Amino acid sequence: MNYDNRIFRGKTNSDNGEVSESTRFHYHQSGDQIWAEYSGGDVVKGHLQGKILSDGSLDFLYHHENVRGELMAGRCRSVPDQSVEGKTILKESWKWFTGDQSEGVSEIEEVSDS
């Protein structure tokens with residue numbers, strides 16, 4: 000699967016997460032390197048940097064500034080799946096390095112709009 004120039008939006012998230020349906024992720028890929036810019040909702044501006052692992056999952060470090068002016072960072076493992084409509088969904092398990100250092104789960108879904 001190639002993620003280059005794909006756009007995703009937040010679909011579901013744990014209560015301690017900051018990504019919502021208003022958050023958009025613009026993905027890029029070169030070989031097994033993958034990165035994205037994201038913003039919207041509680042996120043002013045953020046970045047993902049990661050690798051595609053041999054099992055097809057994605058291992059990311061992320062950081063962003065939220066609407067409260069806080070700098071947030073963590074790590075995320077994403078597993079690709081497909082919705083019944085055929086859209087790519089990334090099922091994510093993540094952990095904050097900042098704030099309360101809690102963990103959560105979320106899903107983001109591919110969209111065609113920005």
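Residues in the sequence shown are numbered from 0 upward in steps of one, following numbering that gives the first Met the number 0.
In this text, a Cβ means the ideal position worked out from N, Cα and C, and glycines have one as well.
This one's a predicted model, so the numbers in the text were calculated from it and none came from an experiment.
Hey, out of Lys-10, Tyr-37 and Phe-96, whose CA is closest to Asn-4's CA?
Residue numbering aside, residue 4 sits at position 5 when the sequence shown is read from its first letter. When each option's Cα is compared against that of Asn-4, the closest is Tyr-37.
Under 6 Å Cβ to Cβ from Lys-90, same chain only, skipping five residues before and after it: list those, please.
Along the sequence shown, read from residue 1 onward, the residue named residue 90 stands at position 91. Apart from the 5 residues on each side of it in sequence, Lys-90 sits with its Cβ closer than 6 Å to the Cβ of Val-78, Asp-80 and Glu-106 in its chain, given in chain order.
Close beta carbons around Thr-11, own chain, < 7 Å, minus the five adjacent residues each side
On the sequence shown, position 12 is the one that residue 11 refers to. Cβ neighbours of Thr-11 beyond the five flanking positions: Ser-105 and Glu-106.
Which of the three DSSP states is assigned to Leu-52 in this structure?
On the sequence shown, position 53 is the one that residue 52 refers to. The answer is coil: DSSP assigns Leu-52 none of H, G, I, E or B.
What does the alpha-carbon distance come out to for the pair Arg-74 and Ser-56?
Mapped onto the sequence shown, residue 74 falls at position 75. Mapped onto the sequence shown, residue 56 falls at position 57. Going from the Cα of Arg-74 to the Cα of Ser-56 covers about 13 Å.
Which word fits Ala-35, buried or exposed, when buried means at least 16 other C-beta atoms lie within 10 angstroms of its C-beta?
The residue labelled residue 35 in the question sits at position 36 within the sequence shown. Classification for Ala-35: buried.
For the putative contact between Ile-6 and Asp-31, defined by C-beta atoms under 8 Å, what is the C-beta separation to the nearest angstrom?
The residue labelled residue 6 in the question sits at position 7 within the sequence shown. The residue labelled residue 31 in the question sits at position 32 within the sequence shown. The beta-carbon separation of Ile-6 and Asp-31, rounded to 21 Å, does not stay under the 8 Å limit for a contact.
Which of the three DSSP states, helix, strand or coil, is assigned to Tyr-2?
By one-based count along the sequence shown, residue 2 stands at place 3. In the structure shown, Tyr-2 sits in coil (DSSP, three-state: anything other than H, G, I, E or B).
Quick one: is Phe-59 buried, meaning 16 or more other Cβ sit within 10 Å of its Cβ, or exposed?
Within the sequence shown, residue 59 is the residue found at index 60, counting from 1. With 16 or more other Cβ atoms within 10 Å, it is buried.
In whole angstroms, what separates the C-alpha of His-63 from that of Gly-98?
The residue you call residue 63 lines up with position 64 of the sequence shown. The residue you call residue 98 lines up with position 99 of the sequence shown. Near 12 Å, if we compare the C-alpha coordinates of Gly-98 and His-63.
Taking just the CA atoms, how far does Asp-54 sit from Asn-65?
For the purposes of this step, residue 65 is identified with residue 66 of the sequence shown, where counting begins at 1. For the purposes of this step, residue 54 is identified with residue 55 of the sequence shown, where counting begins at 1. About 32 Å.
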